[in-house]
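S.K.:
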Amino acid sequence: MKKILIINGPNLNMLGIREPGIYGSATLKDVEESLKRLSAELGVEVDFFQSNYEGAIIDRIHQAFGECDGLVINPGAFTHYSYAIRDAIDSVKIPTVEIHISNVHAREEFRHHSVIAPIAVGQIMGFGIYGYQLALRGIVNHLQ
Ligand code: DQA
Numbered sequence: 001m002k003k004i005l006i007i008n009g010p011n012l013n014m015l016g017i018r019e020p021g022i023y024g025s026a027t028l029k030d031v032e033e034s035l036k037r038l039s040a041e042l043g044v045e046v047d048f049f050q051s052n053y054e055g056a057i058i059d060r061i062h063q064a065f066g067e068c069d070g071l072v073i074n075p076g077a078f079t080h081y082s083y084a085i086r087d088a089i090d091s092v093k094i095p096t097v098e099i100h101i102s103n104v105h106a107r108e109e110f111r112h113h114s115v116i117a118p119i120a121v122g123q124i125m126g127f128g129i130y131g132y133q134l135a136l137r138g139i140v141n142h143l144q
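Numbering of the sequence shown is given in the numbering used here, commencing with residue 1 and proceeding in unit increments.
#1: Going by the beta-carbon positions, is the gap between S131 and I139 smaller than 7 Å?
#2: Where H113 and A135 are concerned, what is the direct C-alpha to C-alpha distance, given to the nearest angstrom?
#3: Alpha carbon to alpha carbon, how far is G24 from N13?
#4: Cutting at 6 Å between CB atoms, please list the residues of its own chain near F65, excluding the five before and the five after it.
#5: Need the endpoints of the beta strand (DSSP E) that N8 sits in, please.
#6: Between I57 and I7, which are expected to be in contact by the criterion C-beta below 8 Å, what is the C-beta distance as a whole number of angstroms?
#7: Just how far apart, CA to CA, sit Q133 and L35?
#8: Bridge partners of M125, per DSSP?
#9: Is I101 a contact residue of the ligand DQA, with contact defined as CB to any heavy atom under 6 Å?
#10: Return the chain-ordered list of same chain residues with a C-beta closer than 8 Å to the C-beta of Y81, the five sequence neighbours on each side being excluded.
#11: DSSP three-state call for F65: helix, strand or coil?
#12: Locate the alpha helix (DSSP H) running through E41, then write down its first and last residues.
#13: Between which residues of its own chain and H100 is the CB-CB distance below 8 Å, once the five residues before and five after are set aside?
#14: Hey, A120 and E98: beta-carbon distance below 7 Å or not?
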C-alpha cells in the first residue's frame, strides 16, 4: 500500500482560529480526519506531521526517505523563502504536491513566489481546505 506523508508548516496548527476569513473555520484535526477518510477510499496510507520549526520539517522529510511514496506539503510561509525545505525534498526525491488553502497570487506580493514549486509535481491553491483532498487525489493519481 502506498504511503503518503502530509506535512503542514508554521501556523497551520492555528487553523480555525487564525484569520478565519482567509483560512476558514475548520481545524487541522478536521483536515486530517477528512484526509484519513479519503485515504481509505483511495486505498492508501496517510501519515500526518505539523511543525512550526524549519529543522523539524526537514528532519521529517529525511525520515520519509524509503518510508513514504509521496508527499503533500503546505509549507506555510516557508513556501516563499525556505531553500532548505526545498533542498530536503530534492534530496529524498519523493514526488510532492504543494498545497495552499488560500490563493496566494491574490494576496500580498511576498506570497506570489514559491521556492518549492519548481521541484513539485504540481500546486493546488485557492480552494480552501478542500485543496488537501485535491492534493491527496493528485499525488495518488501521479503515483499510479
Ligand atoms: C498558506 C499561504 C502562505 O502564504 C501563508 O504563509 C500560510 C498559509 C496557505 O495555505 O494559504 O501560512 O500556505
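Backbone N, C-alpha and C fix where the C-beta goes; we use that ideal spot for every residue, glycine too.
M.R.: Walking through what the data contain:
#1: Sequence check: residue 131 is Gly here, not Ser. No, the Cβ-Cβ distance between G131 and I139 is not below 7 Å.
#2: 19 Å
#3: 13 Å
#4: V92
#5: K3 to N8
#6: 6 Å
#7: 6 Å
#8: H100
#9: yes
#10: V115
#11: In the structure shown, F65 sits in coil (DSSP, three-state: anything other than H, G, I, E or B).
#12: L28 to L42
#13: N74, T79, Q123, I124, M125, G126 and G131
#14: yes
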